[in-house]
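Chemist: This is the structure, below, for whatever I ask next.
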Amino acid sequence: MSNEIIQTQDLHFSYTTVEGTAPTVLNGVDIAIEEGSFVAILGHNGSGKSTLAKHMNAILLPSGGTVYVDGMDTAEEEKLLNIRRTVGMVFQNPDNQIVANVVEEDVAFAPENLGVPPAEIRQRVDDALKAVGMYEFREHAPHLLSGGQKQRIAIAGVIAMQPRCIVLDEPTAMLDPIGRSDVLRTIKTLNRERGVTAVLITHHMDEAAQADRLIVMAKGKVVADGAPKEVFSRVEELKAVGLTVPHTTQLLWELRQEGCDVPLDALSDEECAHALYTLLKQ
Amino acid sequence: MEAIIETKQLSHIYSAGTPFERGALLDVDFTAYKGEYLGIIGHTGSGKSTLIQHLNGLLKPTSGQVLFQGEDIWSDPKLTRLTRFQVGLVFQYPEYQLFEETVYKDIAFGPRNMGLDEKEIDRRVREAAYFVGLRDDQLDKSPFELSGGQKRRVAIAGVIAMEPKVLILDEPTAGLDPVGVESILGNIRDYHQVHNATIILVSHSMEEVARTVDRLVVVNDGRIPFRGTPREVFQHGDELERMGLGVPQMTRVFHRLRAMGVDIDPSVYTIDQAKAVILSKLGKGAV
């Protein structure tokens, strides 16, 4: 067995409507997500990225092709519980994911349903809340928290199931900059310190830039796959599929159009400043 | 420049007299000028939403005044009502507020409440739909059949159809992809230019305000610490950072360059400016 936690093979999907079959949303996707990695999936609205995410823990089942979660075929119904325990999912709107009136009860919801013994539930809840930096809010009412705090509670709820992989479908789309950076930091900590595989669906370039690997979707297909630096340097291709690149890359790309000798893979502020420094000192 | 909306020593206290009493705005003097494109930035809880809700009379000041075209909007109920039509407010995630059976009826709701005749309502609905890029055949659809981005357009059209002199939008691009962001910002700019309307754009994104607005107002802790052109406001980088706001990425890169000893103008905030400065340093092209 390889160390791929999620694998899709020639994955096709179309939503079924009353009139028949709607246009194809996923059109032959082959990806493999390595255990322990942090992968961002970028794409514009309607690119199929959320549909792909929903295949990663069998919320949707393929119309064609196969999805394996830790070697289990998601189409096999008896594997469903194990699949959902392996891959947890966090959605865009935190308000739709919180069920209880007290933070710690909300986080305990999933382990309770999994039949975990009470003493262990207590421990898992505390542990999950510490992991997302919300332990001191354990007795608060979720509806009085900020969006970013609520989203971290939702992540804690998933962590309490102790999944090996967590898929986040635009978790920061409804958050302000502080909430966004808190959630992103939480994802990175879970990945780096606990080895949880993280799959982040987003259309924020700056978030995608922080992943180890970046997959770009357009029209139901993977159009680019590689390290963020490498993918973002393909400026024309990204623009062609309706995406922008970080401002740093955009500036360097425009300078290149003017004949300046600058690298395109200087993503961070620091790298970009260095690239400009070198250019000016030439 | 002529002011269109002003607040004078505006204060708002939520739940006054209860243990939850919280001052949201404290002695705020705010001005929006006729025909300008103004940006308001502030993090969650800064008081910016409370401020904009005063501008069209949704909230009543605890103390202080709100003036529309020089008159206190609370001095006469007729004036309060008039202000609500003339100052259009598009809330965050306005797509959740659609309720009618068809897109057409939803957009017509505002103009109908204004007591306009059917012919004028029809003209306004079609024009507003055109502004936000909705096709004629979409007008008879249920708004709930549309995609998220299209629903947001319908909601914005519903406000535009009232032809407000001031259009306030609270995070109109939140959650949209880059193409959706560009298209909504383009619609707003069109309305601004065609109607010579005042636009007030509330945003979290420094990059977005940097390239759209003429003037910026920063709200923090219920006050306005900075106001001015983007160039002036972004000079307060460290303070903005402490307020949880920060500055555009280009500004950060140029500050670093300067710190590295390059003699360069650090007040750059858009890609175009950055490019022009670098090229002129290299002796290529004019600034």
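Those protein sequence lines, which keep their order, are chains E and D.
The opening residue of the first sequence carries number 1 in this note's numbering; numbering runs sequentially from there.
The opening residue of the second sequence carries number 1001 in this note's numbering; numbering runs sequentially from there.
Note that CB positions come from ideal geometry on N, CA and C, so glycine has one too.
#1: Would you say the stretch 1194-1208 of chain D touches the stretch 1095-1111 of chain D, given that touching needs at least three Cβ pairs under 8 Å?
#2: Three-state secondary structure (DSSP) at Tyr1037/D?
#3: Measure the Cβ-Cβ separation of Arg213/E and Pro163/E and say whether it is below 9 Å.
#4: How about Asp1011/D and Pro1061/D: are their beta carbons less than 9 Å apart?
#5: With 16 as the cutoff for other CB atoms within 10 Å, does Ser47/E come out buried or exposed?
#6: Does the stretch 125-144 of chain E come into contact with the stretch 90-110 of chain E, if we say contact requires no fewer than three beta-carbon pairs (one atom in each stretch) closer than 8 Å?
#7: According to DSSP, simplified to helix, strand and coil, what is Leu175/E?
#8: Can a CB atom of chain D be found closer than 9 Å to the CB of Thr244/E?
#9: Grab me the residues of Ala1032/D's own chain with a C-beta within less than 8 Å of its C-beta, minus the 5 sequence neighbours each way, in chain order.
#10: Cα separation between Ser1049/D and Asn1220/D?
#11: Please state whether the Cβ-Cβ distance between Val231/E and Val222/E is less than 9 Å.
#12: Just reading off the alpha helix (DSSP H) that Pro111/E is part of, what are its end residues?
#13: Taking Cβ-Cβ distances shorter than 8 Å, what residues in chain D pair up with Ile178/E?
#14: Would you please state the rounded distance, in angstroms, between the beta carbons of Leu145/E and Ile153/E? I believe it to be under 8 Å.
#15: Output needed for His12/E: all residues of its chain with C-beta closer than 7 Å, excluding positions within five of it in sequence on either side, in chain order.
#16: At a CB-CB cut-off below 7 Å, which residues of chain E make contact with Val1262/D?
#17: In chain order, which continuous runs of the alpha helix (DSSP H) of length 4 or greater are located wholly inside the stretch 1202-1278 of chain D?
#18: Using a C-beta to C-beta distance shorter than 9 Å, which residues of chain A count as neighbours of Asp269/E?
#19: Please return the same chain residues whose Cβ sits closer than 8 Å to the Cβ of Ile1013/D, not counting the five positions on each side in sequence.
#20: In this structure, how does DSSP classify Gln354/E when only helix, strand and coil are distinguished?
#21: Since I believe Thr197/E is in contact with Ile33/E (beta carbons under 8 Å), could you give me their beta-carbon distance rounded to a whole number of angstroms?
#22: Since Leu1116/D contacts Gly1149/D with CB under 8 Å, what's their CB separation in whole angstroms?
#23: Determine whether the Cβ of His140/E lies closer than 9 Å to any Cβ atom of chain D.
#24: Where do the N-terminal and C-terminal ends of the alpha helix (DSSP H) with Ala1108/D fall, by residue?
#25: Looking at the structure shown, is Thr1018/D part of a helix, part of a strand, or coil, going by DSSP?
#26: Hey, out of Ile1041/D, Gly1017/D and Lys1008/D, whose CA is closest to Asp176/E's CA?
#27: Could you spell out the range, first to last residue, of the alpha helix (DSSP H) harbouring Tyr1130/D?
#28: Closer than 8 Å, Cβ to any Cβ of chain E: which residues of the stretch 1149-1180 of chain D, in chain order?
#29: From this set, Asn93/E, Thr186/E and Asp95/E, which residue's C-alpha is nearest Gln210/E's C-alpha?
#30: With three or more C-beta pairs closer than 8 Å as the rule, is the stretch 52-62 of chain E touching the stretch 70-89 of chain E?
#31: By how many angstroms is the C-alpha of Asn93/E removed from the C-alpha of Ala1174/D?
#32: Please identify the residue among Ser268/E, Asn113/E and Leu238/E whose C-alpha is closest to the C-alpha of Gly43/E.
#33: According to DSSP, is Gly1088/D helix, strand or coil?
#34: Determine which residues share a DSSP beta bridge with Arg213/E and list them.
#35: Buried or exposed: where does Glu1145/D fall if 16 or more other Cβ atoms within 10 Å of its Cβ makes it buried?
#36: In the DSSP assignment, find the beta strand (DSSP E) that holds Ser1063/D and state where it starts and stops.
Modeler: Result, derived from the coordinates:
#1: no
#2: strand
#3: no
#4: It is worth fixing the name first, because residue 1011/D is Ser in this sequence and not Asp. In contact: Ser1011/D and Pro1061/D (Cβ atoms closer than 9 Å).
#5: buried
#6: yes
#7: coil
#8: yes
#9: Ala1003, Ile1004, Ile1005, Glu1006, Leu1038, Leu1055, Val1166, Thr1198 and Ile1200
#10: 11 Å
#11: no
#12: Val103 to Asn113
#13: His1043, Thr1044 and Gly1244
#14: 7 Å
#15: Thr24, Leu26, Asn27, Gly28, Pro62, Ser63, Gly64 and Gly65
#16: Tyr277 and Leu280
#17: 1206-1212, 1230-1233, 1237-1242 and 1249-1259
#18: Included in the structure are the protein chains E and D, with no chain A among them.
#19: Glu1021, Arg1022, Gly1023, Ala1024 and Thr1062
#20: Chain E is shown from 1 up to 282; residue 354/E falls before or after that span and cannot be answered.
#21: 6 Å
#22: Actually they are not in contact, since the Cβ atoms of Leu1116/D and Gly1149/D sit about 28 Å apart, beyond 8 Å.
#23: no
#24: Val1103 to Asn1113
#25: coil
#26: Ile1041/D
#27: Glu1118 to Phe1131
#28: Gly1149, Ala1174, Gly1175, Leu1176, Asp1177, Pro1178, Val1179 and Gly1180
#29: Thr186/E
#30: yes
#31: 12 Å
#32: Leu238/E
#33: strand
#34: Val39/E
#35: exposed
#36: Ser1063 to Phe1068
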